[in-house]
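Chains as they are written, first to last, in our numbering: chain A, 1 to 204; chain B, 1001 to 1249.
Worksheet for the structure shown next.
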């Protein structure tokens, strides 16, 4: 059984569906990935007991959804998507609030109280500008921290564990530093712009 | 000013979110192992896209999770191996599709036997009542009840995810029951606590309270017995979990 790939194990379990053999194939398949899922869940919760429960739920979900595995990706990638989504759902269901900052992040980049088409266009321009500033001003780790926290909505302690951050303030320090760098980069960008264009962008 | 942090969050999220040119995860997996052909569209995009780089890093972290295993993860995998039956059990309960044809053959036979038994039982009862001038003894009726009345009843609390630490177990009272047996177990079936009472609730002792920690899933089962010791009902295994930090909100 060790020689069979994950995908072959799934094939065999489907062929033997309903028999004890199928269970053995699936047991082998899941056991191969216990450590991966367990490690991920531990990063999410930071505590062994709750992470074990979470990992068990992941495998239960994977087991229930296995019929939808089409082989378009490796089984490991498929399981990763299930694991990540389930863990994020779990975090959201517990209503873990992202730590809001009272700091005005990007003073003057845009006014987001959009009420008409022109401000919607301004918003898109601002997003584009911010993407450029992020690319130019931030280092790799700062960008990753921002993506995990703001896009994936991971709490800061989870970001710390996910990226293995060991500095004293962890992800929070990177966010503070990223904000500072973005403000400075924006000020430099503003200084480079002709007066008329600055006004046109709706920068306040 | 109060709306600014949300505004900033929205702005950052939009600027860092997945773009139209980004690749799906099943394409990114091509970069987890051996390096992709240099200059491929995928590689070029990932080099310049922070979003795809982060996705790829998360995927790699997951892939590599099995390679470096900490002591905590070892403990967890051991627990998962023990719990594997919990994962398969719900499916196995309704899997024997192979035998469906056999069931279809058997069910009419059972029905036929049942139908044939009715007049036979009726004839025996009539013959018995006619042959006896004495009233029917209650004892024989009650023993019949203990065989046929075993049914399910509801476990009221705790049930599912609960926000407060459970301090007692409560269930529906059954009229014919004189004793209830309560069993608390962990997800792998290990018994945590067992008790008996004649009431419709029982308080959890301090030792058990110390084991019902936050986020831990436990199962509770109550079985009802009548005065003859016959089982008259059961709740089945009911899952509950005390949600983390719920008490502190």
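Every residue, glycine too, gets a C-beta built ideally from N, C-alpha and C.
A quick note: this is a predicted structure, and the numbers were derived from the prediction, not measured.
Are the C-beta atoms of residue 23 of chain A and some chain B residue less than 7 Å apart? yes
In this structure, does DSSP put residue 1214 of chain B in helix, strand or coil? coil
Please report the straight-line C-alpha distance between residue 31 of chain A and residue 54 of chain A, rounded to a whole angstrom. 16 Å
Is the Cβ-Cβ distance between residue 25 of chain A and residue 3 of chain A less than 7 Å? no
So, with DSSP's three-state summary, where would you put residue 1175 of chain B? coil
Please confirm if residue 1174 of chain B has its CB atom under 7 Å from at least one CB of chain A. no
Let's see if you can read the secondary structure: which residues bound the beta strand (DSSP E) around residue 1156 of chain B? 1155-1157
Taking Cβ positions only, does residue 66 of chain A come closer than 7 Å to chain B? no
Is the stretch 1194-1203 of chain B touching the stretch 1228-1245 of chain B, taking contact as three or more C-beta pairs under 8 Å? no
Any chain B beta carbon closer than 7 Å to residue 13 of chain A: no
At a Cβ cut of 7 Å, what residues of the stretch 41-58 of chain A count as close to chain B, listed as they run along the chain? 42, 48, 49, 50, 51, 52, 53, 55, 56
Presumed contact (8 Å Cβ cut-off) between residue 1232 of chain B and residue 1198 of chain B, rounded CB distance: At roughly 13 Å, the Cβ-Cβ gap does not stay under 8 Å, so residue 1232 of chain B and residue 1198 of chain B are not in contact.
Put residue 113 of chain A into one of helix, strand or coil per three-state DSSP. Any reading at residue 113 of chain A must be qualified, since the residue scores a pLDDT of 42, below 50, and its modelled position is unreliable; the value itself is stated next. Reduced to three states, the DSSP call for residue 113 of chain A is coil.
Looking at C-alpha atoms only, which residue of B/1242, B/1187, B/1196 is the closest neighbour of residue 1210 of chain B? B/1242
Give a yes or no on whether 7 Å exceeds the smallest Cβ distance from residue 1238 of chain B to chain A. no
With a 10 Å radius around its C-beta and 16 neighbouring C-beta atoms as the bar for buried, classify residue 1118 of chain B as buried or exposed. exposed
Interfacial residues, the stretch 172-185 of chain A to chain B, with Cβ spacing under 8 Å: none
Sorted by chain position, which residues of the same chain lie with C-beta nearer than 8 Å to residue 1031 of chain B's C-beta, five sequence neighbours on each side aside? 1042, 1043, 1046, 1056
Would you mind sorting residue 136 of chain A into buried or exposed? The rule is 16 or more other CB atoms within 10 Å of its CB. exposed
CB residue 88 of chain A to CB residue 33 of chain A, shorter than 7 Å? no
Could you pull out every residue in the same chain whose Cβ sits closer than 6 Å to the Cβ of residue 992 of chain B, ignoring the five residues on either side in sequence? This structure cannot speak to residue 992 of chain B, because chain B is shown only from 1001 to 1249.
Provide the residue span of the beta strand (DSSP E) that contains residue 1241 of chain B, from first to last. 1238-1242
Rounding to the nearest angstrom, what Cα-Cα distance links residue 189 of chain A and residue 128 of chain A in this structure? 13 Å
Might you give, ordered along the chain, the residues of its own chain that have their beta carbon closer than 7 Å to the beta carbon of residue 90 of chain A, omitting 5 neighbours on each side? 54
I'd like the list of long-range same chain contacts for residue 64 of chain A, defined as Cβ closer than 6 Å, with 5 residues on each side in sequence excluded. none
Answer with yes or no whether the minimum CB distance from residue 1082 of chain B to chain A is below 7 Å. no
Amino acids of chain A, ordered along the chain, whose beta-carbon sits closer than 8 Å to that of residue 1087 of chain B: 30, 56, 59, 60, 63
Please confirm if the stretch 136-146 of chain A is in contact with the stretch 175-192 of chain A, defined as three or more CB-CB distances below 8 Å between the two stretches. yes
Using beta carbons (cut-off 7 Å, strictly below), is residue 132 of chain A in contact with chain B? no
Between residue 147 of chain A and chain B, is any beta-carbon pair separated by less than 7 Å? yes
How close, in whole Å, do the beta carbons of residue 6 of chain A and residue 29 of chain A come, if the pair is a contact with beta carbons under 8 Å? 6 Å
Counting only Cβ pairs nearer than 8 Å, list the residues of chain A close to residue 1073 of chain B. 35, 38, 39, 42
Give me the chain A residues within the contact set of residue 1195 of chain B, using Cβ-Cβ distance strictly less than 8 Å, ordered along the chain. Neighbours of residue 1195 of chain B on chain A: none; closest Cβ ~24 Å, over 8 Å.
Taking all protein chains shown into account, decide if residue 200 of chain A is buried (16 or more other Cβ within 10 angstroms of its Cβ) or exposed. Because residue 200 of chain A carries a pLDDT of 45, less than 50, the predicted location of this residue cannot be relied on, and the following value inherits that uncertainty. By the 10 Å Cβ count, residue 200 of chain A comes out exposed.
Helix, strand or coil: which one does DSSP assign to residue 187 of chain A? helix
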